[in-house]
Amino acid sequence: MNATTFETFRTELAGLAGRAPRSTLNDAERVARAKAVIRRRVDGRNAAYLETCLHCGMCAEACHFYVGTGEAKYTPIYKVAPLRRVYRREIGPMRWWYRLVTRDISAAELEAFQELVFDSCTECGRCDLMCPMGIQISPMIGIMRQALTAAELAPAEYRAVKAEQTTAKKDLGIGPAEIAALAARLTAEGVKVPVDAAKADIVYFATSLDVRLFPESVKDAARIFNRLGASWTLLGRSAELLGTGESNTEVNVTGIVAEAEQRGAKILILPQCGHAYPRMRFEAANILARELPFEVLTIAEYIGRQLKNGKLKLKPIAGRPKVTYHDPCKQGRHGGVFEEPREAIKSLGLDLVEMESHGRTCYCCGGGGGQFLIDRAQPLRQRTFEIKMHEADATGAKSLVTSCNSCRYNFLAGAAQASWHTEVQSLVELVGRQLAD
């Protein structure tokens, strides 16, 4: 990746908030919209979670924002306090009582919770894993995000992205024309990249980060598909799946599923991306209220499977260099994708040294869930990045490998701030460059 391109992108992100549309809602409308989302989304399972929390503090010890700062306000369960109040006052069995003794939520309170819901949460799910009562806190924080978005109280950067998706049909400047141009350039460089083929067994899509910063990951994914002789195509539409609101998520998910079905796809392969994984793997079928007719895999899963069944062969990297691997939260803790990337690392002949937190308990990079977009959150993001930086340093590895370009971007941004010189590498790029005949 070109350093100038990276810095240009960072500068653009810093100015993203200035492109956000102004809200026309008054305070009463904000509260009404937020409460409507909470009432609609809080189900019996969420009610059980809210009723059984012991306030033990274990979720705080699990959260990288709390660990990085020591500030109690970053305790995960506290981040859903407005949701809990709406539940108690308007949904729960004792609502008649809580209406007498508990005040209603306000627009000012909702706005104040923006920092807790967006700036200091990546929905990584580590708090869910550590809760002794099995409470799933991060999905409830997700409801809070949707409530604030409906109230037009999401961070300005999110509102700018949503506006771009809605009006320009682009994501961070990337649309069909930019994707087609990338495919043409890669094909001219000798790596065939079909776009929007009429029929394909595999549909693969690229995110704005892939196109803007990490086009080599698209190129190396293409190398892998081509080496395997797969019937595949790159999706020629913008396919960013950041959490910019219920309606936008549904539109994007529905569009991607329709594109895959139109081509008779057997597999939809997700790029090295964190936020796309839960949207397509876990939420798409619920959004559409039907089973998907194809399998959804991340590129790391696909690579691991092809290596395990012997269809994909790799040349070991000379010298058996020492590396460590960062498990992306959405692929790993949420999706259970742990074995496949490690199968690739093993096949590459690399000496893998695990960090203290890895696998299911791996700490987040600090910028997931779209948090890397929020300019004001940079100091907080850096504190959490440093947790991973110190863990990676303790392994003695000279490079860190990951299979998520959102994580990769955050590591590179954090490294620039901290003058950290450990190389950050892409799993798919390592594999794509070591293909054996």
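With the numbering used here applied, the sequence shown closes on residue 574, and no number is skipped along the way. Backbone N, C-alpha and C fix where the C-beta goes; we use that ideal spot for every residue, glycine too. Everything numeric in this text was worked out from a predicted model, so none of it was measured.
Would you call Ser160 buried or exposed, if buried means 16 or more other Cβ atoms sit within 10 Å of its Cβ? Ser160 should be labelled exposed.
Could you have a look at Ile311 and say whether DSSP puts it in helix, strand or coil? Three-state DSSP puts Ile311 in a strand.
If we ignore side chains and look at the alpha-carbon of each, how far apart do Gly447 and His471 end up? Taking the straight line joining both Cα atoms gives about 27 Å.
Determine the burial state of His412: buried for a count of at least 16 other Cβ atoms within 10 Å of its Cβ, exposed for fewer. Under this definition His412 is a buried residue.
Evaluate the contact criterion for the segment 549–564 versus the segment 530–537: three or more CB pairs, one atom per stretch, below 8 Å. Result yes; three or more Cβ-Cβ pairs closer than 8 Å.
In the DSSP assignment, what residue or residues form a beta bridge with Val406? The sequence given here places Ile at residue 406; Val does not occur at that position. DSSP output for Ile406 lists Tyr341, Leu434 as bridge partner(s).
In terms of residues, what are the limits of the beta strand (DSSP E) holding Thr608? Since the displayed the chain opens at 138 and closes at 574, residue 608 lies outside it and no answer follows.
Compute the distance between the beta-carbons of Val394 and Glu438, then report whether it is under 8 Å. One thing to note: Val394 has its Cβ no nearer than 8 Å to the Cβ of Glu438.
Close-in-space but distant-in-sequence residues of the same chain around Gly267 (CB under 6 Å, 5 per side omitted): The residue you asked about is not Gly; residue 267 is Met in the sequence shown. The answer, listed in chain order, is Met195, Ala199.
Assuming Thr189 contacts Ile272 (C-beta within less than 8 Å), just tell me the rounded distance between them. Sure, about 7 Å apart at Cβ, within 8 Å.
In the DSSP assignment, find the alpha helix (DSSP H) that holds Glu560 and state where it starts and stops. Glu560: not part of any alpha helix (DSSP H); member of the beta strand (DSSP E) spanning 560–563, first to last residue.
Val460 to Arg182 span [Cα, whole Å]: The straight-line gap from Cα to Cα measures roughly 41 Å.
For Val538, which of helix, strand or coil comes out of DSSP? Assignment of Val538 by DSSP, reduced to helix, strand and coil, places it in the strand class.
Could you check what DSSP says for Leu485 in three-state terms: helix, strand or coil? It is coil, neither helix nor strand.
Please list the terminal residues of the continuous beta strand (DSSP E) segment that includes His495. Neither: His495 is in no beta strand (DSSP E) and is coded neither H nor E.
Can you check whether the CB of Ile316 is closer than 8 Å to the CB of Gly392? Against a cut-off of 8 Å, the Cβ pair of Ile316 and Gly392 comes out as no contact.
Please give me, in chain order, every unbroken run of the alpha helix (DSSP H) with length at least 4 that falls completely inside the segment 433–483. Whole alpha helix (DSSP H) segments, 4+ residues: 436–445.
In chain order, what are the residue ranges of uninterrupted beta strand (DSSP E) at least 3 long that sit wholly in the segment 249–317? Restricted to the segment 249–317, not a single beta strand (DSSP E) segment is unbroken, complete and at least 3 residues in length.
Assess contact between the segment 219–233 and the segment 302–311, defined as three or more Cβ pairs (one per stretch) separated by less than 8 Å. Is contact present? The segment 219–233 makes no contact with the segment 302–311, as fewer than three CB pairs between them are under 8 Å.
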